[in-house]
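Numbering (the numbering used here), first residue to last: 1023 to 1286. Idealized CB from N, CA, C, for every residue including glycine.
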Ligand SMILES: NC(=O)c1ccc[n+]([C@@H]2O[C@H](COP(=O)([O-])OP(=O)(O)OC[C@H]3O[C@@H](n4cnc5c(N)ncnc54)[C@H](OP(=O)(O)O)[C@@H]3O)[C@@H](O)[C@H]2O)c1
């Protein structure tokens, strides 16, 4: 059923799957936007859907996934990869649909099988920072509709082949481990007698600032690393300890295993 068009002059987007990453993209589409696009959400995830509908006048929730497809030709598929096939095969796509999958490890070839006769397929890796319109989203292949959407919520990186997109996807699997590393530091500080809140606040602040330096610097990572340690000093000592204990190798092997899983 065609719904009445929400107030917007640009082409609408449909989202099949309205969980965390859809919420981030939809929020980013609306952050400081003079003319946000209309958005049609699938009916599951009522909590997320209700919140987005109540916050943004251009967002509507549909009664079915098929209704999302009736209301938009630019479709973001954001369900979990395990149910991708079942969700897509039950829908009737049209050739004009542009299917933009953000599902980790679902290959273009699979999407083409499951969402035929749609003729345009894109894989993308949006990040939670899309909510602040600051996601550098890897996209493959290049596509004007995907450029428009992901450009609005940050920017794009378009690798030259699908295999590189999988590698970029594997790299994004390091976020939780990175935060866990910071947790280890904060907990260690608390173990030294600091108040737990102060230990967390200190850790968050110093690594937040390090992140800012990364964003602003034009140096290579190797140069930045050099700049953060005095020869013979304590930063060099800790880095050398971790390298000697095999931490870089452990990280490389874990990344290899994630990549293998993505390519299964
Ligand atoms: N989170 C990220 O940072 C991120 C980044 C890049 C890519 N991704 C990819 O995005 C996808 C979604 O991740 P997520 O973190 O947003 O997961 P999520 O929060 O679990 O969202 C998935 C949503 O899909 C809904 N759903 C389940 N079955 C459905 C169906 N048959 N039809 C329509 N919707 C259905 C679920 O609704 P219910 O709550 O009702 O079950 C759930 O809210 C994954 O494939 C992931 O690989 C995530």
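Taking its Cβ as the centre, do 16 or more other Cβ atoms sit within 10 Å of residue i, making it buried, or is it exposed?
i: residue 1081; result: buried
i: residue 1096; result: buried
i: residue 1197; result: exposed
i: residue 1191; result: buried
i: residue 988; result: Nothing can be reported for residue 988, as the shown portion of the chain is limited to 1023 through 1286.
i: residue 1182; result: exposed
i: residue 1203; result: exposed
i: residue 988; result: The structure shown does not extend to residue 988, since the chain spans only 1023 to 1286, so no value can be given for it.
i: residue 1142; result: buried
Which stretch, first to last residue, makes up the beta strand (DSSP E) that contains residue i?
i: residue 1161; result: 1157-1162
i: residue 1315; result: Residue 1315 falls outside the range modelled here, since the chain spans only 1023 to 1286, and no answer is possible.
i: residue 1261; result: Where residue 1261 is concerned, there is no enclosing beta strand (DSSP E), although the alpha helix (DSSP H) it sits in stretches over 1256-1266.
i: residue 1121; result: 1120-1123
i: residue 1039; result: Taken as a continuous stretch (DSSP letters only), residue 1039 belongs to no beta strand (DSSP E), as it is neither H nor E.
My output table needs one value for residue i: the three-state DSSP class, helix, strand or coil.
i: residue 1229; result: helix
i: residue 1221; result: helix
i: residue 1140; result: coil
i: residue 1130; result: helix
i: residue 1082; result: strand
i: residue 1177; result: strand
i: residue 1050; result: helix
i: residue 1288; result: In the structure displayed, the chain extends from 1023 to 1286; residue 1288 sits before or after that span and is not available.
i: residue 1063; result: strand
i: residue 1237; result: helix
i: residue 1213; result: helix
i: residue 1107; result: helix
i: residue 1145; result: strand
i: residue 1253; result: coil
i: residue 1077; result: helix
i: residue 1270; result: helix
For residue i and residue j, what's the separation of their Cα atoms in angstroms?
i: residue 1172; j: residue 1213; result: 43 Å
i: residue 1307; j: residue 1093; result: Nothing can be reported for residue 1307, as the shown portion of the chain is limited to 1023 through 1286.
i: residue 1249; j: residue 1263; result: 18 Å
i: residue 1268; j: residue 1070; result: 42 Å
i: residue 1139; j: residue 1151; result: 33 Å
i: residue 1266; j: residue 1284; result: 30 Å
i: residue 1217; j: residue 1224; result: 11 Å
i: residue 1282; j: residue 1110; result: 24 Å
i: residue 1200; j: residue 1186; result: 22 Å
i: residue 1170; j: residue 1256; result: 47 Å
i: residue 1052; j: residue 1146; result: 20 Å
What do you reckon, is the C-beta of residue i under 6 Å from a heavy atom of ligand 1?
i: residue 1039; result: yes
i: residue 1122; result: no
i: residue 1181; result: no
i: residue 1064; result: yes
i: residue 1003; result: Lying outside 1023 to 1286, the shown extent of the chain, residue 1003 is not represented and no answer is given.
i: residue 1152; result: no
i: residue 1191; result: no
i: residue 1067; result: yes
i: residue 1126; result: yes
i: residue 1058; result: no
i: residue 1145; result: no
i: residue 1093; result: no
i: residue 1100; result: yes
What are the start and end residues of the alpha helix (DSSP H) that includes residue i?
i: residue 1243; result: 1243-1249
i: residue 1087; result: 1087-1093
i: residue 1182; result: No alpha helix (DSSP H) holds residue 1182; DSSP gives it neither H nor E.
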